[in-house]
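Q: Before we start, here is the structure in question, set down as structure tokens.
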Amino acid sequence: MSPTADGKKLFVWREVVVLMDLSLLPDGRGTNSFCPGWEGSATTMHQNFLQNNFEDVRCKCICPPYRNITGHIYNRNVSQKDCNCLHVVEPMPVPGHDVEAYCLLCECKYEERSSNTIKVTIIIYLSVVGALLLYMLFLLLVDPLIRKHDAYTQPLHNEEDSEEMRPPVDSAAAKANTVLERVEGAQQRWKKQVQEQRKTVFDRHKMLS
Amino acid sequence: ISPAELASTPTEEPNGSGHLMDFLDEPFPDVGTYEDFHTIDWLREKSRDTDRHRKITSKSKESLWELIKSLLDAWSGWVVMLLIGLLSGTLAGVIDLAVDWMTDLKEGVCLTAFWYSHEQCCWTSNETTFDDRDKCPQWQKWAELMTGHAEGAGAYVLNYLLYVMWALLFSFLAVSLVRVFAPYACGSGIPEIKTILSGFIIRGYLGKWTLLIKTVTLVLAVSSGLSLGKEGPLVHVACCCGNLFCSLFSKYSKNEGKRREVLSAAAAAGVSVAFGAPIGGVLFSLEEVSYYFPLKTLWRSFFAALVAAFTLRAINPFGNSRLVLFYVEYHTPWYMAELVPFILLGVFGGLWGTLFIRANIAWCRRRKTTLLGKYPVLEVIAVTGITAVLAFPNPYTRRSTSELISELFNDCGALESSQLCDYVNNPNMSRPVDDIPDRPAGPGVYNALWQLALALVFKIVITIFTFGMKIPSGLFIPSMAVGAIAGRIVGIAVEQMAYHHHDWLIFKNWCRPGADCVTPGLYAMVGAAACLGEPRLMSFYPPIVMDFGKGLNGTSREESTPPTLATDERGPRGKAPLWAFLTQDPTRVEELEALIKDTDYKGFRVVISRESERFMGFVQGRDLPLAIRKSPFKQDGVVSSSVVYFTEDAPLLPPTNPQPLKLRRILNLSPFTVTDHTPMETVVDIFRKLGLRQCLVTRSGRLLGIITKKDVLRHMAQMMNQDPESIMFN
Chain A
1 MSPTADGKKL FVWREVVVLM DLSLLPDGRG TNSFCPGWEG SATTMHQNFL QNNFEDVRCK
61 CICPPYRNIT GHIYNRNVSQ KDCNCLHVVE PMPVPGHDVE AYCLLCECKY EERSSNTIKV
121 TIIIYLSVVG ALLLYMLFLL LVDPLIRKHD AYTQPLHNEE DSEEMRPPVD SAAAKANTVL
181 ERVEGAQQRW KKQVQEQRKT VFDRHKMLS
Chain B
1 ISPAELASTP TEEPNGSGHL MDFLDEPFPD VGTYEDFHTI DWLREKSRDT DRHRKITSKS
61 KESLWELIKS LLDAWSGWVV MLLIGLLSGT LAGVIDLAVD WMTDLKEGVC LTAFWYSHEQ
121 CCWTSNETTF DDRDKCPQWQ KWAELMTGHA EGAGAYVLNY LLYVMWALLF SFLAVSLVRV
181 FAPYACGSGI PEIKTILSGF IIRGYLGKWT LLIKTVTLVL AVSSGLSLGK EGPLVHVACC
241 CGNLFCSLFS KYSKNEGKRR EVLSAAAAAG VSVAFGAPIG GVLFSLEEVS YYFPLKTLWR
301 SFFAALVAAF TLRAINPFGN SRLVLFYVEY HTPWYMAELV PFILLGVFGG LWGTLFIRAN
361 IAWCRRRKTT LLGKYPVLEV IAVTGITAVL AFPNPYTRRS TSELISELFN DCGALESSQL
421 CDYVNNPNMS RPVDDIPDRP AGPGVYNALW QLALALVFKI VITIFTFGMK IPSGLFIPSM
481 AVGAIAGRIV GIAVEQMAYH HHDWLIFKNW CRPGADCVTP GLYAMVGAAA CLGEPRLMSF
541 YPPIVMDFGK GLNGTSREES TPPTLATDER GPRGKAPLWA FLTQDPTRVE ELEALIKDTD
601 YKGFRVVISR ESERFMGFVQ GRDLPLAIRK SPFKQDGVVS SSVVYFTEDA PLLPPTNPQP
661 LKLRRILNLS PFTVTDHTPM ETVVDIFRKL GLRQCLVTRS GRLLGIITKK DVLRHMAQMM
721 NQDPESIMFN
């Protein structure tokens, strides 16, 4: 494995492959291997990034109660080949000759996660919900106030008649040229569609569940 | 049929105006598209596609560029499947992660990083103990965070209050978003998707806003603790993705039949990400949802389901050990004598299904007719409040339903320390982990039993009122929960009976003391499977149904002679006639416009002349106005006084006349016809097997009338003594 470029980090979900930034190593030596014990002279950002991914793997060993020893759960950041009772269970609660019997009862599992994915997902989700909330408040509160002065120009819209309205004749509606007017037009059409949907679902209860 | 003569327009449409901002303009409906809440004509779509394919194949021999275009056209199907799988998997991963986090948010928060759920927060901690695997100092409950006390009555009350408040907030947000932005996002979506896939048009049901709102509000609805699942809505989300990517390729966006093939595959991808089972998704799509499922769609569905499952795996919402939602391993076989409790569980599943379906339909009818239906937001808030208040005290209902099911499926080995696995262990036992003999139940198990019984009653009752509200809701998980609880209770009962009475006849043969006979987790799984099958029948119960398969049985049981079209006058019910004459003689555009202006004709029959009435062809009701209106864009010089002709060659006109308008392309020269003595069963069969929309009825060679799919459905409804007016939207 050769570093693709200086200062570049390459992180693949499955295999924990990290190409280090050469300048960050203590003695300036280049290395391509993953060093679990590395820490120190990196910048905070790099350190956080590495530590997040560093802690994203673990080996979890569950050992049930044995004789007069209570059950215990052991967690350690080891690689998959070291994920067994001998490497993870420390300190060993039983003396040497009992270790094998004890370890037979324990079950060790290698687990991985991606904390960055979780963080990014949750933050994106919260921002989408926030944006929708703001837009909803805008539509419900601010929009009617803006459009109040247009109330005289719009004809009264009879709810019952609209069901029998046929597809509107493409009369000579002036093709609005500016982007803003087109956005307006699109929004008005969308609102009408939502109103139709609302009538179907909420008023006439026609949708199955 | 000669496909070349069948009305086929899309590939010839001059789409000159391809400006960038055109998506903001109102899309002008094409000739050959369908109205909202009507069915498509499967034959027409199929022949259009064959036409298009033939044209591309013939042109591909002309030049290299055309060959490349034909290859791209062939591969576009696979590209669409890939995109659908990627987006469905991504959205499912986002939904899973967000639900995990928000469900735990009701109880507490992670102090080191607020975006971690309870399990993720304690992932790296070393303070977790064997008995309390979830406790760690980084994650604190709300009472502990706000007041500093972790135990005590005050802390309990505070936790309770905050739990209920968070639940109410989530559900209020969900129902408001659905109401304001996308009302079609409510419910599970599977019945409507079945309807759409069988050929019905519901505009907006698979739109972009519906996709966004369904994804967002599904998370909120599930996190609020309501008794609903997310599997059904995930199918809807996947189909919305399918619809979204269809619009990229004109092969699918202009052909409703091809679009439905894509939607079938998208439904498979939806189930695949819901359960982590690609093959299950394909089978679901094949059996439940699709109307038209050629072999090609099978492979494409499998591909889409695989891609979706892999994408979900890459996002890795659960960690390495779990992609399949419920991963269980049982190491002991089951015995023939255990069939008796299994059959009992099956009977329980059937009984529960019947109870649920009847009660839910009655409640939905209430919702439709009384005041209850006028306050959807209040209804959601009330049901959430009741659910939260009743669910918090019982630890089995406080957690999310998926977690409950996982725990119930779990086999109790030596490594478990939950209350349900509190068996009396032999202290000298040193057997391997998965071969523990049957043990007597400890106090924890008895405690768990009555808590589970209460949870069962609660879930049965509350699901009846939850399903049908105006938020996204699925039925799979609550059904499985009910079955799993019942199964586990029965399993524990059988296990204890086998242990304490191992000398009874039935146990003596297969259950010796010291052996591991009964696996209660297996009973839970059997119970869940039994209860899962029943409520799905709900989707077959129609207030509206456009799928033919069910109504056929009741057609002519009450009549001694088979009804034919002659004896069963399908009149237009007192309105204006549904069709009109057009002759081959030249008429003018303005006359036609006057004809279509005030009435809504279903169709126009074109005859040679008014005197002979010899039938020439048929024009769809919707196509004629569209063709006339669209004509000024196509052919210059067409004005109101232009002549309209349906023949191949223009009529001879003096040169002073304006440009004539040729409308032959909207004329269907080979519509399906039956005579009026055709038995109704044959007619229904024809409609069902060929997927027709309408069929012309002739008598002695003369056109008598037209029968449409809705007319046949009304007839069948009348036969079954249902209200024919409930066939909607006409």
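Chain order of the listed sequences is A and B.
Reminder that position 136 of the first sequence reads as 136 in full-length UniProt numbering, one-by-one numbering, no gaps.
Reminder that position 536 of the second sequence reads as 536 in full-length UniProt numbering, one-by-one numbering, no gaps.
Note that CB positions come from ideal geometry on N, CA and C, so glycine has one too.
Assuming residue 734 of chain B and B/Ser224 are in contact, meaning their beta carbons sit under 8 Å apart, how far apart are those beta carbons, in whole angstroms?
A: The question about residue 734 of chain B has no answer, for chain B in this structure spans 1 to 730.
Q: Can you check whether the CB of B/Ser641 is closer than 8 Å to the CB of B/Pro660?
A: For the purposes of this step, residue 660 of chain B is identified with residue 660 of the second sequence, where counting begins at 1. For the purposes of this step, residue 641 of chain B is identified with residue 641 of the second sequence, where counting begins at 1. Cβ atoms of B/Pro660 and B/Ser641: not closer than 8 Å.
Q: Taking all protein chains shown into account, decide if residue 732 of chain B is buried (16 or more other Cβ within 10 angstroms of its Cβ) or exposed.
A: Look at the range of chain B in this structure, 1 to 730, and you will see that residue 732 of chain B is not part of it.
Q: What do you reckon, are the CB atoms on B/Ala185 and B/Glu231 nearer than 8 Å?
A: Start at 1 with the first residue of the second sequence, and residue 185 of chain B comes out as number 185. Start at 1 with the first residue of the second sequence, and residue 231 of chain B comes out as number 231. No, the Cβ-Cβ distance between B/Ala185 and B/Glu231 is not below 8 Å.
Q: Under 8 Å, do B/Cys531 and B/Val482 count as touching if we go by C-beta distance?
A: In the second sequence, counting from the first residue as 1, residue 531 of chain B sits at position 531. In the second sequence, counting from the first residue as 1, residue 482 of chain B sits at position 482. The answer is yes: Cβ separation under 8 Å.
Q: Is B/Val457 near B/Arg439, with beta carbons less than 8 Å apart?
A: The residue labelled residue 457 of chain B in the question sits at position 457 within the second sequence. The residue labelled residue 439 of chain B in the question sits at position 439 within the second sequence. With respect to the 8 Å criterion, B/Val457 and B/Arg439 are not classified as neighbours on the basis of their beta carbons.
Q: Could you round the C-beta distance between B/Phe245 and B/Val80 to whole angstroms and report it? I think they count as a contact, below 8 Å.
A: On the second sequence, position 245 is the one that residue 245 of chain B refers to. On the second sequence, position 80 is the one that residue 80 of chain B refers to. That belief holds up - the Cβ atoms of B/Phe245 and B/Val80 are roughly 5 Å apart, short of 8 Å.
Q: Is there a Cβ from chain A that is less than 8 Å from the Cβ of B/Arg367?
A: Numbered from 1 along the second sequence, position 367 holds the residue referred to as residue 367 of chain B. By this cut-off, B/Arg367 is an interface position.
Q: Under 6 Å Cβ to Cβ from B/Thr39, same chain only, skipping five residues before and after it: list those, please.
A: Looking up residue 39 of chain B in the second sequence gives position 39. Here the set comprises Gly199, Phe200, Arg693, Lys709.
Q: Looking at B/Asp328: is its Cβ nearer than 8 Å to the Cβ of B/Met469?
A: To locate residue 328 of chain B, count along the second sequence from 1; it is residue 328. To locate residue 469 of chain B, count along the second sequence from 1; it is residue 469. Checking the sequence, you will find Val at residue 328 of chain B rather than Asp. The answer is no: Cβ separation not under 8 Å.
Q: CB B/Thr675 to CB B/Arg702, shorter than 8 Å?
A: Working through the second sequence from its first residue, we reach residue 675 of chain B at position 675. Working through the second sequence from its first residue, we reach residue 702 of chain B at position 702. Against a cut-off of 8 Å, the Cβ pair of B/Arg702 and B/Thr675 comes out as no contact.
Q: Quick one: using the 10 Å Cβ neighbour count with 16 as the cut-off for buried, is B/Gln496 buried or exposed?
A: Looking up residue 496 of chain B in the second sequence gives position 496. Classification of B/Gln496: buried, given that the 10 Å Cβ count is 16 or more.
Q: Would you tell me roughly how many angstroms separate the C-alpha atoms of B/Ala265 and B/Val282, rounded to the nearest one?
A: In the second sequence, the residue the question calls residue 265 of chain B occupies position 265. In the second sequence, the residue the question calls residue 282 of chain B occupies position 282. Taking the straight line from one Cα to the other gives about 8 Å.
Q: Going straight from the alpha carbon of B/Ile193 to that of B/Gly204, what length do you get?
A: Position 193 of the second sequence holds residue 193 of chain B. Position 204 of the second sequence holds residue 204 of chain B. Approximately 12 Å between the Cα atoms of the pair.
Q: Count the other C-beta atoms from every protein chain shown that fall within 10 angstroms of the C-beta of A/Leu156, then say buried if there are 16 or more, exposed otherwise.
A: If you number the first sequence from 1, residue 156 of chain A lands on position 156. For A/Leu156, the pLDDT reaches just 44, beneath the cut-off of 50, and the residue's location in the model is therefore unreliable, although a value from the coordinates is still provided. A/Leu156 is exposed by the Cβ-count criterion.
Q: Which residues, taken in chain order from the segment 400-417 of chain B, show a beta carbon closer than 7 Å to some beta carbon of chain A?
A: Ala414, Leu415, Ser417
Q: So what does B/Val583 bridge to, in DSSP terms?
A: Along the second sequence, one-based indexing puts residue 583 of chain B at 583. Here residue 583 of chain B turns out to be Thr, not Val, going by the sequence shown. B/Thr583 pairs with B/Val607.
Q: Relative to chain B, which residues along the segment 92-114 of chain A have a C-beta separation below 8 Å, given in chain order?
A: Ala101, Leu104, Leu105, Glu107, Lys109, Tyr110, Glu111, Glu112, Arg113, Ser114
Q: Would you tell me roughly how many angstroms separate the C-alpha atoms of A/Phe78 and A/Cys108, rounded to the nearest one?
A: Translated into positions along the first sequence, residue 78 of chain A becomes position 78. Translated into positions along the first sequence, residue 108 of chain A becomes position 108. Going by the sequence as given, residue 78 of chain A is Val instead of Phe. A/Val78 and A/Cys108: Cα-Cα distance of roughly 12 Å.
Q: Please classify B/Thr112 as buried or exposed, where buried requires at least 16 other C-beta atoms within 10 Å of its C-beta.
A: Position 112 of the second sequence, counted from the first residue, corresponds to residue 112 of chain B. Exposed.
Q: In the DSSP output, what is B/Val262 paired with across the bridge?
A: Numbered from its first residue, the second sequence carries residue 262 of chain B at position 262. DSSP, once it has assigned bridges, lists no residue as partnering B/Val262.
Q: Mind checking whether B/Pro191 and B/Lys214 have CB atoms under 8 Å apart?
A: As a working note, residue 191 of chain B is residue 191 in the second sequence. As a working note, residue 214 of chain B is residue 214 in the second sequence. Cβ distance not < 8 Å, so B/Pro191 and B/Lys214 don't count as in contact.
Q: Provide the residue(s) that pair with A/Lys61 in DSSP beta bridges, ordered along the chain.
A: To locate residue 61 of chain A, count along the first sequence from 1; it is residue 61. Note that residue 61 of chain A corresponds to Cys in the displayed sequence, not to Lys. According to DSSP, which records beta bridges pairwise, A/Cys61 is partnered with A/Tyr74, A/Cys108.
Q: Is B/Gly148 helix, strand or coil when you go by DSSP?
A: For this step, residue 148 of chain B is matched to residue 148 along the second sequence. If DSSP states are grouped into helix, strand and coil, B/Gly148 belongs with coil.
Q: Please determine if the segment 288-304 of chain B and the segment 56-71 of chain B are in contact, where contact requires at least 3 C-beta pairs separated by less than 8 Å.
A: no
Q: For the segment 120-132 of chain B, which residues have a beta carbon sitting closer than 8 Å to at least one beta carbon of chain A?
A: Gln120, Trp123, Thr124, Ser125, Asn126, Thr128, Thr129, Phe130, Asp131
Q: Which residue wins for smallest C-alpha separation from residue 214 of chain A, given the options B/Ala529, B/Met146, B/Leu220?
A: An answer regarding residue 214 of chain A cannot be provided, because it is not within the stretch 1 to 209 covered by chain A.
Q: Would you kindly report the start and end of the unbroken alpha helix (DSSP H) that includes A/Lys192?
A: Taking the first sequence and counting its residues from 1, the one referred to as residue 192 of chain A is at position 192. Residue range 179-198 is occupied by the alpha helix (DSSP H) that includes A/Lys192.
Q: Taking the alpha-carbon positions, what's the B/Arg367 to A/Phe202 distance?
A: In the second sequence, the residue the question calls residue 367 of chain B occupies position 367. In the first sequence, the residue the question calls residue 202 of chain A occupies position 202. Rounded to whole angstroms, B/Arg367 to A/Phe202 spans 10 Å at the Cα level.
Q: Hey, does A/Glu55 have any beta-carbon neighbour from chain B nearer than 8 Å?
A: Counted from its first residue, the first sequence places residue 55 of chain A at position 55. Yes, contact with chain B.
Q: Using a threshold of 7 Å, is the CB atom of B/Arg300 nearer than that to any non-hydrogen atom of the ligand MG?
A: Looking for the ligand MG in the displayed structure turns up nothing, as the structure carries no ligands at all.
Q: Over the uninterrupted alpha helix (DSSP H) stretch that includes B/Phe687, give me the two end residues.
A: For the purposes of this step, residue 687 of chain B is taken as residue 687 along the second sequence, with counting starting at 1. Note, B/Phe687: alpha helix (DSSP H), 680-690.
Q: If contact means a Cβ-Cβ distance below 7 Å, which residues of the segment 67-87 of chain A contact chain B?
A: Thr70, Gly71, His72, Ile73, Asn75
Q: Is it buried or exposed for B/Thr297, if we count other Cβ within 10 angstroms and need 16 for buried?
A: In the second sequence, the residue the question calls residue 297 of chain B occupies position 297. Result: buried.
Q: Classify A/Gly40 as helix, strand or coil using the three-state DSSP reduction.
A: Sequence index remark: in the first sequence, residue 40 of chain A carries index 40 (1-based). For A/Gly40, the pLDDT reaches just 40, beneath the cut-off of 50, and the residue's location in the model is therefore unreliable, although a value from the coordinates is still provided. Residue state, collapsed to three classes: coil.
Q: Would you list, in sequence order, the uninterrupted alpha helix (DSSP H) runs of no fewer than 4 residues that lie entirely inside the segment 422-482 of chain B?
A: 443-466, all fully within the segment 422-482 of chain B.
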